[in-house]
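Q: Take 1307 as the starting number for the sequence shown in the working numbering and just add one per residue. We treat Cβ as the ideally placed atom computed from N, Cα and C, and that holds for glycine. Bear in mind the structure is a predicted one, so any value in this text is a computation, not a measurement.
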Amino acid sequence: MSKKTEAELLSEKLFYTPQHANYVCDEKEIAKADKFCVDYMNYLNTCRTEREAAAFTRELAEKNGYTEFDSSKKYKAGDKVYYNVHEKALILCTFGKQSAGKGTKILAAHIDSPRLDLKPNPLYEDSELGFFKTHYYGGIKKYQWPTIPLALHGVIYRADGSCVNVRIGDDEGDPVFVVTDLLPHLDKHDRNMSEVIKGEELNILIGSRPFGKEKGDKLVKLNIMKLLNEKYGITEADFLSAELEAVPAFKAVDIGFDRSLIGSYGHDDRVCAYPSIMAALAVKKPEYTTITVVTDKEEIGSDGNTGLNSSYLKQFIGDIASLEGLHGRDVLRKSECLSADVNAGFDPTFPSVLDKMNAAYLNRGIVLTKYTGARGKSGTNDANAEFVSKVRTIFDKSATLWQTGELGKVDEGGGGTVAKYIANLGVNVVDVGVPVLSMHAPFEVVAKTDVYMAYKGFKAFLESK
Ligand code: MN
Ligand code: MN
C-alpha cells in the first residue's frame, strides 16, 4: 500500500467520515452481529403485535430473575423488577448501586407498528364474498397493503368477560387473508398517491362459501360467523370488545447474496426494542438504576394509557423515588434517556428527500438524531449539545459505530418519536436508533451490523457513569 499523503492524514484526523462497518469491525465482530440477528429474527417472528411483544418481554424477564414491581417492598442494588402497563407496554428496571436521586439511565423503544385494525363491527358479505372492514393504524402508504398475505393477531373479550387469543396466518398450513386490488386492465383512474387505495377500500377477504344448501340472505357471512363461533366461542357483538390486527404474514428473512440485510414487518421499532431488552438483561449490576421501556401507541402519537404521552413512566419513577423517601422530580431531573427509535436510511433510488450530508446510511452504525420534527423543528425534542456530547463519547469509548441523521431535508416532511414526551418530564433525551429502508412498509429493511451496534451502544449507555 502506498504511503498516505499529508493531506490524507490530516483529512482523516479532521473530517467527519462515518464508515461502513466492514472497514471498522473485524471478522469476529461481524460474526457476532450475524449471530445476534438470528435471535432478533426469531423475536420478530414471535412478536407481531405490541401485546405479543410485551408478553414475550415479560416472560423473558421472569426467566432472567425479574419480579413484578411492588412499591411496598425494599430493593437493593442489582435487584430486577418489571412493571406491566396494561399488557401493552412494559418497564424493566435494575436497581443501581447509587441512589435513584443520582439519576437513572433510561432506554425507550416502541413495540407497536403500522397495521390494519379491524373495525368494531367488521364482518360483512358482498357478492357472495366475506370481508372484514379495517381502520389503518399509524402512517401507512395504503397502496402497499393490498395483495400481500395477512395474518390476524389479537384478543377478543366475549360477552361473559372471558378472553380468547387469536393468532392465525403465520404457521405452516394456516389460511391467510388478503386485501384485493383492481386488475391493471381496468385501472384507468387517475387517482393521486394517497387515493390509489382509499382507507375504506382496505377490506380484507376472509371467505366465499355460504352456509348450507338452501339459498338465502348473508349465508357466506353466516358461515364465517359459525366457524368463528366454533373456533373462538364468539358472536358478532364480541368484535366490539376485541383488538384484532391484520399484519403481514411473511416471516423475517435474510436479504441479499451476502445476507447482510434483514427484511421483515415491524423493524420500526422492534429493531430498537429487541437490542434495548437484550442490553437491559446483559447489565447485571449497574452503577445507576437502569430503566428500559418498551411502549405502545408511538405510531399514533403516543396518546392513550399505554403510550409515553401518558403518566406511566413518571408514576413508576415516582414509585422508585419514594422507596428512598425522594420525589419523582428529584430522580427525573438527573436522569438521562436514549429514545431508541429508527430513522430513515438513505435510499439511492430516492435521493431527493434527504440531505446527503446529514442522512443516515445502512451499515454505518446507529444514528444519533438530534432532532426530528417538521418545518422549523416543530414537534421535536431538540437534544442539547451537552447531552449529545456525552452520548457520542459513550459510543466512542465502547467502539460503537455511530453516525448522525436527520429525518429528511428541511421542509421535506418530518416525524415524531417518544423523545419529546420524556424530555417534557425534565429528562435529558436524544434519539438513537437503526437506519431503515422502506420504513412503515409491510416489509422493511435493516442492516445486520446496525442492529448489533444498537445493542452495543445501548448496553454501554446503561453501564455509563
Ligand atoms: Mn418508530
Ligand atoms: Mn414509525
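(1) Considering just the uninterrupted stretch of the alpha helix (DSSP H) at phenylalanine 1693, what are its terminal residues?
(2) For ligand 1, any of its heavy atoms closer than 7 angstroms to the Cβ of histidine 1416?
(3) Candidates Lys1765, Ala1327, Thr1755 and Gly1732: which alpha carbon is nearest isoleucine 1568's?
(4) Quick check: what's the CA-CA separation for glutamate 1312 versus lysine 1319?
(5) Pull up the distance between the alpha-carbon of aspartate 1717 and that of alanine 1680, whole angstroms please.
(6) Tell me the DSSP bridge mates of aspartate 1423?
(7) Under 7 angstroms: does the beta carbon of aspartate 1625 sit that close to some heavy atom of ligand 2?
(8) Could you name the residues that DSSP lists as bridge partners for serine 1684?
(9) Specify, as a first and last residue, the run of the beta strand (DSSP E) that asparagine 1390 falls within.
(10) With DSSP as the reference, label phenylalanine 1401 as helix, strand or coil.
(11) Return the chain-ordered list of same chain residues with a C-beta closer than 8 angstroms to the C-beta of lysine 1662, the five sequence neighbours on each side being excluded.
(12) Among Lys1762, His1746 and Pro1741, whose alpha-carbon lies nearest the alpha-carbon of valine 1752?
(13) Report yes or no: do three or more beta-carbon pairs, one from the region 1457-1476 and one from the region 1364-1375, lie closer than 8 angstroms?
(14) Give every residue of the same chain whose Cβ lies closer than 8 angstroms to the Cβ of valine 1502, excluding the five residues on either side of it in the sequence, and list them in chain order.
(15) Measure the beta-carbon distance from histidine 1573 to valine 1648 and round it to whole angstroms, keeping in mind my assumption that it falls under 8 angstroms.
(16) So what does glycine 1651 bridge to, in DSSP terms?
(17) Should the region 1544-1559 be called in touch with the region 1341-1354, which here means at least 3 C-beta pairs below 8 angstroms?
(18) Can you give me the C-alpha to C-alpha distance between glycine 1634 and lysine 1408, rounded to a whole angstrom?
(19) What are the uninterrupted segments assigned as beta strand (DSSP E) that are 3 or more residues long and contained completely in the region 1336-1386, given in chain order?
(20) So the candidates are Gly1685, Val1738, Asn1690 and Asp1423; which of them puts its Cα closest to the Cα of glycine 1719?
(21) Shorter than 7 angstroms, the distance from the beta carbon of aspartate 1340 to the closest heavy atom of ligand 2, or not?
(22) Check whether the Cβ of glutamate 1605 sits closer than 7 angstroms to any heavy atom of ligand 2, and report yes or no.
(23) Does DSSP classify glutamine 1325 as helix, strand or coil?
(24) What's the call for aspartate 1271, buried or exposed, on a 16-neighbour Cβ count within 10 Å?
(25) Which residue from Phe1321, Ala1414, Ala1337 and Ser1317 puts its Cα closest to that of aspartate 1564?
(26) Starting from the Cα of valine 1600, find the closest Cα among Gly1671, Ser1419, Asp1423 and Gln1709 and give me that residue.
(27) Where in the region 1714-1764 do unbroken runs of the beta strand (DSSP E), each at least 3 residues long, occur, reported from the N-terminal end onward?
(28) Among Ser1566, Ser1377 and Lys1590, which has the Cα closest to the Cα of alanine 1339?
(29) Inspect the beta-carbon positions of valine 1553 and threonine 1355 and report whether they are closer than 8 angstroms.
(30) Could you tell me whether the Cβ atoms of valine 1461 and tyrosine 1538 are closer together than 8 angstroms?
(31) What residue from Ile1597, Thr1710 and Ile1623 has the CA that sits closest to alanine 1650's CA?
(32) Taking only three categories from DSSP, how would you classify alanine 1415?
(33) Per DSSP, what are the beta-bridge partners of valine 1470 in this structure?
(34) Looking at ligand 1, does it come within less than 7 angstroms of serine 1648, judged from the CB to the closest heavy atom?
(35) Within 10 angstroms of its Cβ, does aspartate 1737 collect 16 or more other Cβ (buried), or is it exposed?
(36) Run through DSSP, which three-state label would serine 1570 get?
A: Taking the geometry as given:
(1) For phenylalanine 1693, the enclosing alpha helix (DSSP H) stretches over residues 1691-1703.
(2) Relative to ligand 1, the nearest heavy atom lies less than 7 angstroms away from the CB of histidine 1416.
(3) Of all alpha-carbon atoms in Lys1765, Ala1327, Thr1755 and Gly1732, the one lying nearest the alpha-carbon of isoleucine 1568 is that of Thr1755.
(4) The straight-line gap from Cα to Cα measures roughly 11 angstroms.
(5) Distance between the alpha carbons of aspartate 1717 and alanine 1680: 7 angstroms.
(6) The secondary-structure analysis by DSSP pairs aspartate 1423 across a beta bridge with His1441 and Glu1551.
(7) No - ligand 2 has no heavy atom lying nearer than 7 angstroms to the Cβ of aspartate 1625.
(8) Serine 1684 is bridged to Ala1680.
(9) Boundaries of the beta strand (DSSP E) around asparagine 1390: 1386-1391.
(10) Coil, per DSSP.
(11) Take lysine 1662, set aside five residues on each side of it, and the residues of its chain with a beta-carbon closer than 8 angstroms to its own are Phe1652, in chain order.
(12) Measuring from the Cα of valine 1752, the nearest candidate turns out to be Pro1741.
(13) Segments in contact, no.
(14) So the list reads Lys1448 and Tyr1449, once near-sequence residues are dropped.
(15) Contact between histidine 1573 and valine 1648 holds: their C-beta atoms lie close to 7 angstroms from each other, under 8 angstroms.
(16) The partner list for glycine 1651 (beta bridge, DSSP) reads Ala1666.
(17) Contact between the region 1544-1559 and the region 1341-1354 is present: three or more C-beta pairs spanning the two stretches fall below 8 angstroms.
(18) Near 12 angstroms, if we compare the C-alpha coordinates of lysine 1408 and glycine 1634.
(19) Counting only unbroken stretches of 3 or more residues, no beta strand (DSSP E) element lies wholly within the region 1336-1386.
(20) Looking at the Cα atoms, Gly1685 is the closest of the given residues.
(21) No, ligand 2 has no heavy atom inside 7 angstroms of this Cβ.
(22) Yes, ligand 2 has a heavy atom inside 7 angstroms of this Cβ.
(23) When DSSP states are grouped into helix, strand and coil, glutamine 1325 belongs to the coil group.
(24) Nothing can be reported for residue 1271: it is not among the residues displayed for the chain, which extend from 1307 to 1771.
(25) Of the candidates Phe1321, Ala1414, Ala1337 and Ser1317, the one whose C-alpha sits nearest the C-alpha of aspartate 1564 is Ala1337.
(26) Checking every option, the nearest Cα to that of valine 1600 belongs to Ser1419.
(27) Counting only unbroken stretches of 3 or more residues, the beta strand (DSSP E) elements lying wholly within the region 1714-1764 are 1734-1739 and 1750-1753, in sequence order.
(28) Taking only the C-alpha atoms, the option nearest alanine 1339 is Ser1566.
(29) Cβ atoms of valine 1553 and threonine 1355: closer than 8 angstroms.
(30) No, these two residues do not count as a Cβ contact at 8 angstroms.
(31) Nearest of Ile1597, Thr1710 and Ile1623 to alanine 1650, Cα basis: Thr1710.
(32) Per DSSP, reduced to three states, the secondary structure at alanine 1415 is strand.
(33) DSSP, once it has assigned bridges, lists Ile1462 as partnering valine 1470.
(34) In the sequence as presented, serine is not what sits at residue 1648; that position holds valine. For valine 1648, the Cβ falls inside the 7 angstroms cut-off from some heavy atom of ligand 1.
(35) So aspartate 1737 counts as buried.
(36) The answer is strand: DSSP assigns serine 1570 an E or B state.
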